[in-house]
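Just so we're on the same page, the working numbering is the position in the sequence shown counted from 1, plus 94.
All C-beta atoms, glycine included, are put in the ideal place defined by N, C-alpha and C.
This report concerns only the one structure given below.
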Amino acid sequence: MKLDDLAKHLSDLKRIGLNPELAKKLGVVDEDVTRGRLLAQSGGERGHLQVLFLGCYVVDDTDFWGDGEIYWWSVPAILDQEGMVTKNALHALPNGAPPHKCGDNEWMTNLSLQDPPVWAVIPPGEDVDACVIRLGIYDDDREPADLPAAMTTGLETLTQVANEPLAGSGHIINPVRDAIFESLQAEQDDILVEQDITMRKGQVRGFGAGMIGSVVNAMVRAYYFTRDTKHTRQFGPITLHKGETQRVKFDVPLEQGGRLAIFARGHDVNCPRFGVLHVDEPFINRVLTRLKQDELENGFEVMGTGPAKFVAYYTPSYSD
């Protein structure tokens, strides 16, 4: 997703729960104005970082008689070096998706690898210190969960948050989370996971840019990627079948210090250069050494053992 694509996403009034009235209150503007504001934030080597929801593997859907109905939501907050948070539509809005049928030990199939859901947008700049994302994944047990209505309620609550900087991510996350939870009557549902994901500037390469991360417990495994709009290159997604081999090669040469992240959903994918991607380890992150750079000059092969979706990302080294 380049800057133009990001501007298009951040100005989209068709996002879940959003309507023109709420968009106006939240400061969502048209694509051209959004692009201009993103450009005004740009500077230095790093681009805007997007935290993308790549996949969700349900270990236990909690339903005894049949498949679960799994829904999710996310609420982002960006903090400065003083620990202050300010609501800003350019940081992405709360997101989510309605219940999706999924059984034990299955991947959720309603998450696109071509256009993954955006959890947060982290702007460039020295003032940004941390990104906190509250992620909730639930199994719908009672009346069908109305996610669009719940997200509208959450966004309405967000409009009531003060515009000035506030101390701590909880000033945004907690009221929006509670509004979504209460609208869904989620106390009747089963929590697969609800926790904060905290990404800090001081982490290696800043906010984990170019790497895949995960939230894992006994019930569910969620995977996300932090993409640099300016630098990250993508191969795929592609579909692999049993016995099928594909060569992964990016449109730029791989360099020492660059970050390579690969991810697969479905059957095992064999990658001789790095190992096997499987349900217990569906992603691999690597910082390229000089030796590995030379080995990968002509790309690398991946082989399917059955139907699987595969995607790879390369983010070159740069000074934060």
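The C-alpha of residue 303 lies about 7 Å from the C-alpha of residue 143.
Between residue 232 and residue 187, the CB-CB gap reaches or exceeds 8 Å. In the three-state scheme derived from DSSP, where H, G and I count as helix and E and B as strand, residue 126 is classed as helix. In the displayed model, residue 283 falls within coil according to three-state DSSP, outside both helix and strand. By the 16-neighbour rule on beta-carbons within 10 angstroms, residue 127 is exposed. Put simply, the segment 168-176 touches the segment 221-228. At least three CB pairs are less than 8 Å apart. Taking residue 197 as reference, the option from 114, 261, 132 and 234 with the minimal CA-CA separation is 234.
The C-alpha of residue 353 lies about 44 Å from the C-alpha of residue 237. In the structure shown, residue 333 adopts extended strand secondary structure according to DSSP, grouped into three states.
CA-to-CA, the gap between residue 101 and residue 245 works out to about 21 Å.
Take the alpha-carbon of residue 309 and the one of residue 202: they are about 15 Å apart. A Cβ-Cβ distance of about 6 Å is found for the pair residue 407 and residue 328, placing them in contact under the 8 Å criterion.
Straight across, the Cα-Cα distance linking residue 277 with residue 173 is about 27 Å. Between residue 264 and residue 177, the C-beta gap is not smaller than 8 Å, which leaves the two residues out of contact. Listed in chain order, the non-local C-beta contacts of residue 161 below 7 Å within the same chain comprise 155, 195, 196 and 197, local neighbours out to five positions each way being set aside. Straight across, the Cα-Cα distance linking residue 275 with residue 136 is about 35 Å. For residue 195, the enclosing beta strand (DSSP E) has its first and last residue at 189-196. Within the same chain, Cβ atoms closer than 6 Å to the Cβ of residue 315 are found at 151, the five residues on either side in sequence being excluded. Spanning the alpha carbons of residue 290 and residue 207 requires a straight line of approximately 23 Å.
Between residue 342 and residue 393, the C-beta gap is smaller than 8 Å, which places the two residues in contact. Pairing residue 334 with residue 404 gives a Cβ-Cβ distance under 8 Å. Contact between residue 132 and residue 97 is confirmed by a C-beta separation of about 6 Å, below the 8 Å threshold. The C-alpha of residue 268 lies about 23 Å from the C-alpha of residue 317.
Residue burial is scored here from C-beta neighbours: residue 401 has fewer than 16 other C-beta atoms within 10 angstroms and is therefore classed as exposed. Between the alpha carbons of residue 359 and residue 336 lies a distance of about 14 Å.
The Cβ neighbour count for residue 292, taken over all protein chains shown within 10 Å, is under 16; the residue is labelled exposed. Pairing residue 259 with residue 113, the inter-Cα distance amounts to about 25 Å. Rounded to the nearest angstrom, the gap between the Cα atoms of residue 138 and residue 355 is 24 Å. The segment 192-257 is shown to contain whole alpha helix (DSSP H) runs of 4 or more residues at 241-253, in chain order.
A residue is called buried once 16 or more other Cβ atoms fall within 10 Å of its Cβ, and residue 398 is buried on that count. Where residue 382 is concerned, there is no enclosing beta strand (DSSP E), because DSSP gives it neither an H nor an E.
DSSP places residue 269 in the uninterrupted alpha helix (DSSP H) bounded by 264-278. In the DSSP annotation of this structure, residue 184 is not part of any alpha helix (DSSP H), being labelled neither H nor E. When the beta-carbon positions are compared, residue 306 and residue 148 come within less than 8 Å of each other.
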